[in-house]
Amino acid sequence: SVVGLTITQGIDTTFTVQRRNSNDITATYRSSYEYTQGAPSDTWVITHNLNKRPSVTVLTSAGDEVEGAVTVNSLNQITITFCAPFSGSAILN
417 SVVGLTITQG IDTTFTVQRR NSNDITATYR SSYEYTQGAP SDTWVITHNL NKRPSVTVLT
477 SAGDEVEGAV TVNSLNQITI TFCAPFSGSA ILN
């Protein structure tokens, strides 16, 4: 019988079912991915392996949120195109 359920969220979401007189059952789901673009570029190709079409938030290295044209190449890769090169990060959910 089930005696507890724990959900831990972050980059990975982990579900753990605690059972009486049995081993716990744990499942992990990759719910987001953070990409860092170190060198300034106007085109970012991101392989995220989330197996879905994620929502995308882009931040410059100064922390400002910016927009770009997002192309979904596959369920595991996107390309973001900007009007000028910069470095920063992309958070995919």
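In my numbering, the protein residues as written are 417 to 509.
Glycine included, every Cβ here is placed at the ideal spot set by N, Cα and C.
(1) When burial is assigned at 16 or more other CB atoms within 10 Å of the CB, is G504 buried or exposed?
(2) Go through its chain and collect everything with a Cβ distance to N467's Cβ below 8 Å, but skip five positions before and after it.
(3) With a threshold of 16 other CB atoms inside 10 Å of the CB of L421, please say whether the residue is buried or exposed.
(4) Quick one: using the 10 Å Cβ neighbour count with 16 as the cut-off for buried, is I494 buried or exposed?
(5) Of all the CB atoms in chain C, is at least one closer than 9 Å to the CB of N439?
(6) Figure out for me which residue from G426, V433, F502 and D458 has the closest Cα to the Cα of V418.
(7) Just to confirm my understanding: we take T429, look at its own chain, exclude 5 residues before and 5 after, and list those with CB closer than 6 Å. What are they?
To lay it out plainly:
(1) The sequence position of residue 504 within the sequence shown is 88, counting from 1. G504 comes out buried.
(2) Within the sequence shown, numbered from 1, the residue matching residue 467 stands at position 51. Once the five neighbours on either side are set aside, the close Cβ partners of N467 are L491 and N492.
(3) As a working mapping, residue 421 is identified with position 5 in the sequence shown. Burial call: exposed.
(4) Locating residue 494 in the sequence shown gives position 78, where the first residue counts as 1. Buried.
(5) Of the chains in the structure shown, none is chain C; there is only one protein chain.
(6) The sequence position of residue 418 within the sequence shown is 2, counting from 1. Ranking G426, V433, F502 and D458 by Cα distance to V418 puts V433 first.
(7) Residue numbering aside, residue 429 sits at position 13 when the sequence shown is read from its first letter. Correct list, in chain order: Y445 and S447.
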